[in-house]
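One structure below.
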Amino acid sequence: MIIIKSIDKWIEIFKEKQRTGKTVGLIPTMGALHAGHMSLVEKSLSENELTAATIFVNPTQFNNPEDLTNYPLTWEEDIEKLDRAGVDYLLYPKYEDLYRDAYRYKIIETEYSGDLCGFARPGHFDGVLTVVMKLLNISRATRAYFGEKDWQQYQLIQGMAESFFIDTEIVPCPLIRENSGLALSSRNKLITGSNREKAPLLFKTISSGIDIDLMKKKLSDSGFIIDYLKIKDNRIFAAVFLGEVRLIDNVSI
Ligand code: AMP
């Protein structure tokens with residue numbers, strides 16, 4: 026696997042790949058990779074001639090500075106996982122290189138991005154959409170892969186791609202869970218003590234029916250602090266805090 030830090034170098038390589046007609050699959054991540062991320066990698070490997078991953082903990086999508094500081098980093102393990110899987114290129118850029126304008130320009134979606142995770146985390150999706158637009162533009166990927174764990178994020182990126190005539194197919198990938206039902210997430214590494222056994226209750230509860238008030242009560246009684254629990258587009262969406270750790274999940278009804 027070729028690891029690249031420089032955006033200019035990355036642009037040069039993928040301009041050339043596009044010119045020679047190679048299909049490229051892109052997997053943007055913030056690292057601390059787990060089997061959820063690797064399922065996106067596997068899908069890309071099976072559908073493209075080249076697979077490119079990015080690891081960038083994007084500061085502009087963190088509304089809470091502490092969340093950014095505490096975000097898990099497992100650089101060595103991540104490289105090993107990507108390399109072993111057969112990823113061809115990894116971009117690991119610096120903030121100053123990716124945000125040469127110091128975030129003067131941004132992508133803003135004006136309806137859905139204020140709901141669910143965007144309501145609780147103002148500006149979160151501006152940061153997400155902006156960084157994804159940058160990564161799509163510098164990679165000229167044939168396809169880009171996004172997990173349905175972040176359902177709202179996937180929908181917003183899909184909408185952005187349509188609205189801006191982006192020439193990359195946005196590919197949704199199923200949510201991967203651990204055996205307990207807990208959705209895999211980099212933040213699971215931060216759950217400590219007895220909360221670790223409690224965490225699977227989130228999925229258990231939101232997949233237990235459609236009585237939102239009852240679900241809220243069950244989760245609160247078990248020590249979860251509810252950020253939101255909502256039905257939208259025939260899905261149940263939840264975000265909760267377990268201690269300091271924010272967990273999200275969604276299930277189809
Ligand atoms: P992140 O590193 O959290 O920004 O995630 C990078 C990509 O992996 C996003 O498209 C996520 O939706 C996806 N992803 C994260 N966790 C999972 C999971 N449990 N199942 C499927 N995709 C996931």
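Quick note on numbering: the numbering used here labels position 232 of the sequence shown as 257, and the sequence is numbered without any gaps.
Note that beta-carbon positions come from the ideal geometry of N, C-alpha and C, so glycine has one too.
This one's a predicted model, so the numbers in the text were calculated from it and none came from an experiment.
Backbone CA spacing between residue i and residue j [nearest angstrom]
| i | j | result |
| --- | --- | --- |
| L51 | L123 | 16 Å |
| V265 | F249 | 6 Å |
| E269 | T217 | 10 Å |
| A110 | D238 | 43 Å |
| E37 | V156 | 19 Å |
| Y96 | N88 | 13 Å |
| E136 | K229 | 30 Å |
| D236 | S245 | 14 Å |
Check: residue i C-beta below 7 Å from any heavy atom of the ligand AMP
| i | result |
| --- | --- |
| H62 | yes |
| I273 | no |
| P53 | yes |
| D175 | yes |
| C142 | no |
| G172 | yes |
| L70 | no |
Range of the contiguous beta strand (DSSP E) that encloses residue i
| i | result |
| --- | --- |
| G172 | 168-172 |
| R271 | 270-277 |
| F226 | Rather than Phe, the amino acid found at residue 226 in this sequence is Leu. It is not in any beta strand (DSSP E) - L226 instead sits in the alpha helix (DSSP H) that spans 226-231. |
Anticipated Cβ contact below 8 Å, residue i with residue j, distance rounded
| i | j | result |
| --- | --- | --- |
| I278 | I261 | 6 Å |
| T85 | Y128 | 5 Å |
| W35 | L161 | Going by Cβ atoms, the distance from W35 to L161 rounds to 12 Å, so no, they are not a contact pair. |
| T54 | A77 | That belief does not hold up - the Cβ atoms of T54 and A77 are roughly 11 Å apart, past 8 Å. |
| K255 | L141 | 7 Å |
First through last residue of the alpha helix (DSSP H) which encompasses residue i
| i | result |
| --- | --- |
| Y128 | Premise fails: Y128 is in no alpha helix (DSSP H) and is neither H nor E. |
| N162 | 149-164 |
| E101 | 100-110 |
Segment contact flag, the segment 172-189 with the segment 102-117, C-beta cutoff 8 Å, min 3 pairs: Judged by Cβ distances under 8 Å, the segment 172-189 makes no contact with the segment 102-117, as fewer than three pairs qualify.
Within the chosen definition, does the segment 26-41 reach the segment 106-124 through at least 3 CB pairs nearer than 8 Å? Yes, they touch.
Contact between the segment 55-72 and the segment 191-206 (3+ Cβ pairs under 8 Å): Yes: at least three Cβ pairs fall under 8 Å.
Below 8 Å, can you find three or more Cβ-Cβ pairs linking the segment 70-77 to the segment 181-193? Short answer: they don't touch.
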